[in-house]
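Chemist: According to this note's numbering, the sequence shown is numbered sequentially starting from 446. We put the CB at the ideal spot given by N, CA and C, even for glycine.
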Amino acid sequence: MEEIQFNHTLPIQLRFNDVDKFGHVNNTVYFSFYDLGKTEYFASVCPDVDWERDGIVVVHIEANFLAQIYGSDHIAVQTAVTEIGTKSFHLAQRVIDTETKEVKCVCTSIMVAFNLEKHESKPLEEEWIQAICKYEGRDLRKKK
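(1) May I ask you to report which of helix, strand or coil DSSP gives Lys466?
(2) So what's Gly516 in DSSP terms, helix, strand or just coil?
(3) Can you check DSSP and say which residues form a bridge with Pro456?
(4) Nearest by alpha-carbon distance to Tyr515: which of Val464, His453, Asp499 and Phe534 is it?
(5) Where does Ala617 land, buried or exposed, given buried means 16+ other C-beta within 10 angstroms?
(6) Mind checking whether Leu569 and Phe534 have CB atoms under 9 Å apart?
(7) Please state whether DSSP places Lys549 in a helix, a strand or coil.
(8) Taking the CB atoms as reference points, tell me whether Ile555 and Val504 lie closer together than 9 Å.
(9) Taking Lys567 as the reference, which of Lys546, Asp542, Ile501 and Asn509 has the closest Cα?
(10) Suppose you measure from the CA of Lys587 to the CA of Ile574; what does that come to, to the nearest Å?
(11) Go ahead and label Gln450 buried or exposed: buried means 16 or more other beta carbons lie within 10 angstroms of its beta carbon, across all protein chains shown.
(12) Using the three-state DSSP reduction, which class does Val413 fall into: helix, strand or coil?
(13) Going along the chain, which residues of its own chain have a beta-carbon closer than 7 Å to the beta-carbon of Arg498, five neighbours each way excluded?
(14) Gln523 and Ile541: beta carbons closer than 9 Å?
Set out below in C-alpha cells:
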C-alpha cells in the first residue's frame, strides 16, 4: 500500500470467538474490524449524517493478510479516505499491532453514497466531501 497518512485509529478488543482452532484470528473476522473502523470514522468526521435516509455501501473490497493476529495481541484498525469521486470514494484501512506497530492486514474498498428511500446511488453530499477533505488535510476529489 502506498504511503498513506492514517489520522483515524480505533483500538479493537479481541473476543474469544474471534480466534479459531489454529489459535489466530480467523480471516473473516477482519472484515468486522474494518466495518467498525468505517463506522467510527464517519461518526467522527461526518457527525450530522441522517443514517435513516442516507447510506454508504461497499461496492468493492479487497484485503491482503500479512501476518497472523493472536488472541493476546493488542490491535487497532486505521482508516483513511484516499480519493473522492462524484458518488463514490476510496478507503484504505489496515489492522496494526498497537505495541509493535506491525501491519497485520491491509484493505482497500470502494464505497458509494446510497439513498435508502429510493434504493439507488446518489451524489456525495458536498458537506461530506468538505468534512472528509478537512479531516484528511488535503483535497481528495478526483481530478477530471
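Modeler: Put simply:
(1) Residue 466 sits at position 21 when you count from the first residue of the sequence shown. Correct three-state label for Lys466: coil.
(2) The sequence position of residue 516 within the sequence shown is 71, counting from 1. Three-state result, Gly516: coil.
(3) Taking the first residue of the sequence shown as position 1, residue 456 is located at position 11. Ala521.
(4) Numbered from its first residue, the sequence shown carries residue 515 at position 70. When only C-alpha atoms are compared, the closest one is Val464.
(5) The structure shown has nothing for residue 617, since the chain only spans 446 to 589.
(6) Translated into the one-based positions of the sequence shown, residue 569 becomes position 124. Translated into the one-based positions of the sequence shown, residue 534 becomes position 89. For Leu569 and Phe534, yes; Cβs fall inside 9 Å.
(7) As a first step, residue 549 must be located in the sequence shown, where it is residue number 104. Three-state DSSP puts Lys549 in a strand.
(8) As a working note, residue 555 is residue 110 in the sequence shown. As a working note, residue 504 is residue 59 in the sequence shown. In this structure, Val504 lies closer than 9 Å to Ile555 by Cβ.
(9) Position 122 of the sequence shown holds residue 567. Ranked by how close their Cα comes to the Cα of Lys567, the residues Lys546, Asp542, Ile501 and Asn509 have Ile501 in first place.
(10) Taking the sequence shown and counting its residues from 1, one reaches residue 587 at position 142. Taking the sequence shown and counting its residues from 1, one reaches residue 574 at position 129. Those two C-alpha atoms are separated by around 11 Å.
(11) On the sequence shown, position 5 is the one that residue 450 refers to. Per the 10 Å Cβ criterion, exposed.
(12) Nothing about residue 413 can be reported from this structure: the residues present for the chain run from 446 to 589 only.
(13) Locating residue 498 in the sequence shown gives position 53, counting from the first residue. Taken in chain order, the residues that qualify are Leu561 and Glu562.
(14) Indexing the sequence shown from 1 puts residue 523 at position 78. Indexing the sequence shown from 1 puts residue 541 at position 96. Cβ distance < 9 Å, so Gln523 and Ile541 count as in contact.
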